[in-house]
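Novice:
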Amino acid sequence: MASRTRRHGAARSAREGVRRRRLPLRLLLPLLVLVALAAMLMLRGYVHSEILADHRVQPPAATDRVPEKILEGGPVIDARGGRTESLSVPDHRLVLTFDDGPDPTWTPRVLDVLKKHDAHAVFFVTGTMASRYPDLVQRMVDEGHEVGLHTFNHPDLSFQSKKRIDWELSQNQLAITGAAGVRTSLFRPPYSSFADAMDNKSWPVTEYIGSRGYITVVNNTDSEDWQRPGVDEIIRRATPKNGDGAIVLMHDSGGDRSQTVAALDRFLPDLQKKGYEFDNLTEALDAPSAMTPVTGAELWKGKAWVFLVQASEKITDGLVAGLAVIGTLVIGRFVLMLLLSGIHARRVRRKGFRWGPPVTEPVTVLVPAYNEAKCIENTVNSLMASDHPVEVIVVDDGSTDGTARIVEAMGLPNVRVIRQLNAGKPAALNRGLANARYDIVVMMDGDTVFEPSTVRELVQPFGDPKVGAVAGNAKVGNKDSLIGAWQHIEYVMGFNLDRRMYDVLRCMPTIPGAVGAFRRSALEPIGGMSDDTLAEDTDVTMALHRAGWRVVYAENARAWTEAPETVQQLWSQRYRWSYGTMQAIWKHRRAVIEKGPSGRFGRVGLPFVSLFMVLAPLLAPLIDVFLLYGLVFGPTEKTIVAWLGVLAIQAVCAAYAFRLDRERMTHLISLPLQQILYRQLMYVVLLQSWITALTGGRLRWQKLRRTGVVGAPGGSVPRQRSQSGDDRRPVA
146 MASRTRRHGA ARSAREGVRR RRLPLRLLLP LLVLVALAAM LMLRGYVHSE
196 ILADHRVQPP AATDRVPEKI LEGGPVIDAR GGRTESLSVP DHRLVLTFDD
246 GPDPTWTPRV LDVLKKHDAH AVFFVTGTMA SRYPDLVQRM VDEGHEVGLH
296 TFNHPDLSFQ SKKRIDWELS QNQLAITGAA GVRTSLFRPP YSSFADAMDN
346 KSWPVTEYIG SRGYITVVNN TDSEDWQRPG VDEIIRRATP KNGDGAIVLM
396 HDSGGDRSQT VAALDRFLPD LQKKGYEFDN LTEALDAPSA MTPVTGAELW
446 KGKAWVFLVQ ASEKITDGLV AGLAVIGTLV IGRFVLMLLL SGIHARRVRR
496 KGFRWGPPVT EPVTVLVPAY NEAKCIENTV NSLMASDHPV EVIVVDDGST
546 DGTARIVEAM GLPNVRVIRQ LNAGKPAALN RGLANARYDI VVMMDGDTVF
596 EPSTVRELVQ PFGDPKVGAV AGNAKVGNKD SLIGAWQHIE YVMGFNLDRR
646 MYDVLRCMPT IPGAVGAFRR SALEPIGGMS DDTLAEDTDV TMALHRAGWR
696 VVYAENARAW TEAPETVQQL WSQRYRWSYG TMQAIWKHRR AVIEKGPSGR
746 FGRVGLPFVS LFMVLAPLLA PLIDVFLLYG LVFGPTEKTI VAWLGVLAIQ
796 AVCAAYAFRL DRERMTHLIS LPLQQILYRQ LMYVVLLQSW ITALTGGRLR
846 WQKLRRTGVV GAPGGSVPRQ RSQSGDDRRP VA
């Protein structure tokens, strides 16, 4: 019995393990989107002859293995069922043939001219073009013309295996079936010429094509219109002598065919007056039609193929449009960042600049803390070293690791500990606000350390009575690891350079939770810190803008925070940030239609935030998608140059941001790798946030694992303590 119980328990555990290992929907949806996008791009590459294309052309070869009656026969070669026959068009009958189409520009014009003069023709279409422009193939059939196969990708079949030949024929036939619901028995090899040009390389292909049930159609009158020799010359070359019948080669695709269209409009009536008839091939030969209707599964298979190709065309066209949009946004953002951040730096650094009277009165510093035992001592010690008078309130939000006891045991003056049941960061901050003695309140995270001058620098903008909140300069304290270095670049370039720009535009979207200051008199009318969103710092900043307060950036108010040290923790943090930002934008959407300060923020700030913080990052992966596409399918050199150009622009912005923040440039060594790896993670996080928002999902607060690696400052930059044991996990 015990053995059976253990077996059942093991089986149940195994089943539960399988369930636990099942890919969650939030990861499955981005993966499916990525797979679908890759499939659409692959399909587009195939249809545009960027995949499996072979542009080799066989040089002339000997003709001793080609039957004499083929070399001296007509342009219609029938090798079906082992036959070796050739046919010619009767006198005073011309079969106009057009290769390489259909083309969206020139094929309709050719069809218009043929219809105008009541003439029929044969269009040898490629599968790539027929798949992309099925309506034109349908029009050909509807107007009495015949269509023939010209392969799918237009390769020289003498280089190809029988398997590849079958593939070219079947895919070409599939495209025609999907476009017009018919099957054709006519075939024209790419790069073909007259029957007497058949040689030992092309003849075996013709025999094999015949064994597959197709009639090979070459020509005996070449207009050479592809050379664009002029209308008169095209007409002269296309006109047979002595009233002979002929199969005339022309083109309705592959370049500018304006001369072909013009020549056709003169050629048709002139030869009709001379007694010529312009028929399709089977009409000219008085034979049964070469086209037969297709029904059943084959028809739906063809329609499905055309549908997928059309979908891939529209999707990739949309991606190209999106790439243009993101290119404009990225370049526009970089230009604005460089221009406006420079203006901001010159303004606040000019000699004699003051926000107003110096702010010297004490301020309250709120430290919401939940299980910050490894960090809280460093945080409080850094505040005690402040050169500005402060009271410190540590709000312990139901910690289970003794955070509150650690602070109480320090026995520091002007440091109070408030305990509460776990209710979340906004509730902890509001509890601290209710207990603050002073009007100016500084807020920071429990894993952050301040420099001695941070509080003083942070509160000086309140000398301007219009300022309601101030954003400090948050920096990564644990940048000695690769993932930390990447976040360091992001903080300096992406966050602080942005804040300078938004300061000048007066629409700063976020006071960072790690280092920010508020007037309590500004927070109270808007209800304090809101728990409506997961980005309470963004939410309250937007609310202050709408209430008419100015929000500014203090570049010298530096705070050193512990950034996530594993991919999983980074994912959790950025997922919350992205989703919370979307929530805040949606919450304050009515500002767009309101008047006064709220309306100004709604019509200036919200569009900027939506474009640069939501839309641009969402579309930014297109740069990398097309980079990969260009590397695989070409043009490779232009693609690499374009991507390096984007990287160069980012490098210039990053170097400028590092210069403004007086950071060492050596950290930028990892910038190219950041663009290849780190950015991709941010893309997926944002996509997951979009999916969560669109599906109405809810995201809870997630506590990041802390190590206490950012020590108390011993100068302008805090020292970093070495850790032992497994507190610091590798990036992977």
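Residues 146 to 877 (the working numbering) are what the sequence shown spells out, left to right. Virtual Cβ for every residue (Gly too), placed ideally from N, Cα, C. Quick caveat: nothing in here was measured; it's all calculated off a predicted structure.
1. Gly-463: buried (16+ other C-beta within 10 angstroms of its C-beta) or exposed?
2. Does the beta-carbon distance from Val-192 to Arg-254 come in below 8 Å?
3. Specify, as a first and last residue, the run of the alpha helix (DSSP H) that Leu-453 falls within.
4. As an exercise, report each continuous alpha helix (DSSP H) stretch of at least 4 residues that is fully enclosed by the segment 371-452, in chain order.
5. Please name the residue, chosen from Tyr-647, Ala-787 and Leu-232, that lies closest to Arg-478 on a Cα-to-Cα basis.
6. Alpha carbon to alpha carbon, what distance is there between Leu-331 and Pro-324?
7. In terms of residue numbering, what span does the alpha helix (DSSP H) encompassing Phe-753 cover?
8. Which whole-angstrom value describes the C-beta separation of Leu-528 and Gly-613, a residue pair presumed to lie in contact below a C-beta threshold of 8 Å?
9. So the alpha helix (DSSP H) Lys-732 belongs to, where does it begin and stop?
10. Which residue wins for smallest C-alpha separation from Asp-643, given the options Glu-517, Gly-556 and Ala-799?
11. Does the segment 565-582 come close enough to the segment 593-606 to have 3 or more Cβ pairs within less than 8 Å?
12. Once the 5 residues before and after Leu-878 are set aside, which same chain residues still bring their CB inside 8 Å of it?
13. For the segment 625-634 and the segment 811-823, state whether three or more C-beta atom pairs, one from each stretch, are separated by less than 8 Å.
14. Just to confirm, is the Cβ distance from Met-827 to Arg-719 under 8 Å?
15. If you run the structure through DSSP and keep just helix, strand and coil, what is Pro-657?
16. Just verifying my parser: in three-state terms, what is the DSSP assignment at Gly-613?
17. Quick check for students: name the residue ranges of the alpha helix (DSSP H) that lie wholly in the segment 668-695, counting only runs of 4 or more.
18. Mind checking whether Val-660 and Ala-704 have CB atoms under 8 Å apart?
19. So, is Lys-620 buried or exposed, given that buried needs 16 or more other C-beta atoms within 10 angstroms?
20. Does DSSP put Pro-502 in a helix, in a strand, or in coil?
21. Give the single residue among Pro-335, Ser-398, Thr-351 and Asn-425 whose Cα lies nearest to the Cα of Val-234.
22. Quick check: Pro-513 and Gly-577, are their CB atoms within less than 8 Å of each other?
23. With respect to the alpha helix (DSSP H) encompassing Met-343, which residues constitute its N-terminal and C-terminal limits?
24. Can you find the residues in the same chain that come closer than 7 Å, C-beta to C-beta, to Glu-681, ignoring five residues on each side of it along the sequence?
25. Give the secondary structure of Lys-624 by DSSP, where H, G and I count as helix, E and B as strand, and everything else as coil.
26. Where Pro-220 and Arg-228 are concerned, what is the direct C-alpha to C-alpha distance, given to the nearest angstrom?
27. Between Gln-565, Val-454 and Trp-312, which has its C-alpha nearest Tyr-515's C-alpha?
28. Exposed or buried, which one is Gly-355 when buried takes at least 16 other CB atoms within 10 Å?
29. What's the C-alpha gap between Gly-750 and Ala-708?
30. If Met-436 sits next to Val-292, beta carbons under 8 Å apart, how far is it from one beta carbon to the other, in whole angstroms?
31. Could you check the C-alpha separation between Thr-678 and His-200 for me, to the nearest Å?
32. Does the separation of the CB atoms of Thr-706 and Gly-639 fall below 8 Å?
33. So, helix, strand or coil for Leu-196, using DSSP?
34. Compare the C-alpha of Glu-517 against each of Lys-260, Val-594, Tyr-421 and Val-180 and name the closest.
35. Measuring straight from C-alpha to C-alpha, what distance separates Arg-492 and Arg-499?
36. For Arg-189, count the other beta carbons within 10 Å of its own beta carbon; 16 or more makes it buried, fewer makes it exposed. Which is it?
Specialist: Concretely, from the data shown:
1. The residue given as residue 463 occupies position 318 in the sequence shown. It is exposed - the Cβ of Gly-463 has fewer than 16 other Cβ atoms within 10 Å.
2. If you number the sequence shown from 1, residue 192 lands on position 47. If you number the sequence shown from 1, residue 254 lands on position 109. Cβ atoms of Val-192 and Arg-254: not closer than 8 Å.
3. Indexing the sequence shown from 1 puts residue 453 at position 308. First-last of the alpha helix (DSSP H) with Leu-453: 441-494.
4. 376-383, 403-418 and 426-429
5. In the sequence shown, counting from the first residue as 1, residue 478 sits at position 333. When each option's Cα is compared against that of Arg-478, the closest is Tyr-647.
6. Position 179 of the sequence shown, counted from the start, is the residue given in the question as residue 324. Position 186 of the sequence shown, counted from the start, is the residue given in the question as residue 331. In the sequence on display, residue 324 carries Ala and not Pro. The straight-line gap separating the alpha-carbon atoms of Ala-324 and Leu-331 is approximately 17 Å.
7. Position 608 of the sequence shown, counting from 1, holds the residue named residue 753. Per DSSP, Phe-753 belongs to the alpha helix (DSSP H) from 751-754.
8. If you number the sequence shown from 1, residue 528 lands on position 383. If you number the sequence shown from 1, residue 613 lands on position 468. Leu-528 to Gly-613, Cβ: 23 Å. No contact.
9. The residue you call residue 732 lines up with position 587 of the sequence shown. Its alpha helix (DSSP H) spans residues 712-732.
10. Working through the sequence shown from its first residue, we reach residue 643 at position 498. Among Glu-517, Gly-556 and Ala-799, the Cα nearest to that of Asp-643 is on Ala-799.
11. Here the segment 565-582 does not lie against the segment 593-606, with fewer than 3 beta-carbon pairs under 8 Å apart.
12. With the chain covering only 146 through 877, there is no way to say anything about residue 878.
13. yes
14. By 1-based counting over the sequence shown, the position of residue 827 is 682. By 1-based counting over the sequence shown, the position of residue 719 is 574. Closer than 8 Å, so yes.
15. Counting from 1 along the sequence shown, the entry for residue 657 is found at position 512. Note: Pro-657 maps to coil in three-state DSSP.
16. To locate residue 613, count along the sequence shown from 1; it is residue 468. Residue state, collapsed to three classes: strand.
17. 681-691
18. For the purposes of this step, residue 660 is taken as the residue at position 515 of the sequence shown. For the purposes of this step, residue 704 is taken as the residue at position 559 of the sequence shown. It is a contact, given that the beta carbons lie within the stated cut-off.
19. Residue 620 sits at position 475 when you count from the first residue of the sequence shown. Label assigned to Lys-620: buried.
20. Mapped onto the sequence shown, residue 502 falls at position 357. DSSP places Pro-502 in coil when its eight states are reduced to three.
21. The residue you call residue 234 lines up with position 89 of the sequence shown. Among Pro-335, Ser-398, Thr-351 and Asn-425, the Cα nearest to that of Val-234 belongs to Asn-425.
22. As a position in the sequence shown, residue 513 is number 368, starting the count at 1. As a position in the sequence shown, residue 577 is number 432, starting the count at 1. Going by C-beta atoms, Pro-513 is nearer than 8 Å to Gly-577.
23. One-based indexing of the sequence shown puts residue 343 at position 198. Careful: Met-343 lies outside any alpha helix (DSSP H) and carries neither H nor E.
24. Within the sequence shown, numbered from 1, the residue matching residue 681 stands at position 536. The answer, listed in chain order, is Lys-570, Pro-571, Met-674 and Ser-675.
25. Residue 624 sits at position 479 when you count from the first residue of the sequence shown. Coil.
26. Start at 1 with the first residue of the sequence shown, and residue 220 comes out as number 75. Start at 1 with the first residue of the sequence shown, and residue 228 comes out as number 83. Approximately 15 Å between the Cα atoms of the pair.
27. Taking the sequence shown and counting its residues from 1, one reaches residue 515 at position 370. With respect to the C-alpha of Tyr-515, the residue from Gln-565, Val-454 and Trp-312 having the closest C-alpha is Gln-565.
28. Taking the sequence shown and counting its residues from 1, the one referred to as residue 355 is at position 210. The residue in question, Gly-355, is buried, as its Cβ has 16 or more Cβ neighbours within 10 Å.
29. One-based indexing of the sequence shown puts residue 750 at position 605. One-based indexing of the sequence shown puts residue 708 at position 563. Each residue's Cα considered, the two are about 28 Å apart.
30. Indexing the sequence shown from 1 puts residue 436 at position 291. Indexing the sequence shown from 1 puts residue 292 at position 147. Right, the Cβ-Cβ distance comes to about 7 Å (below 8 Å), so this counts as a contact.
31. Start at 1 with the first residue of the sequence shown, and residue 678 comes out as number 533. Start at 1 with the first residue of the sequence shown, and residue 200 comes out as number 55. For Thr-678 and His-200, the distance between alpha carbons rounds to 58 Å.
32. For the purposes of this step, residue 706 is taken as residue 561 along the sequence shown, with counting starting at 1. For the purposes of this step, residue 639 is taken as residue 494 along the sequence shown, with counting starting at 1. Their beta carbons are not under 8 Å apart, which means Thr-706 does not touch Gly-639 by this criterion.
33. For the purposes of this step, residue 196 is taken as the residue at position 51 of the sequence shown. In the sequence as presented, Leu is not what sits at residue 196; that position holds Ile. Coil.
34. For this step, residue 517 is matched to residue 372 along the sequence shown. If we check each option's Cα against that of Glu-517, Val-594 comes out closest.
35. Position 347 of the sequence shown, counted from the first residue, corresponds to residue 492. Position 354 of the sequence shown, counted from the first residue, corresponds to residue 499. Cα-Cα distance, rounded: 10 Å.
36. Reading the sequence shown from its first residue, position 44 is the one you call residue 189. Flag for Arg-189 reads buried.
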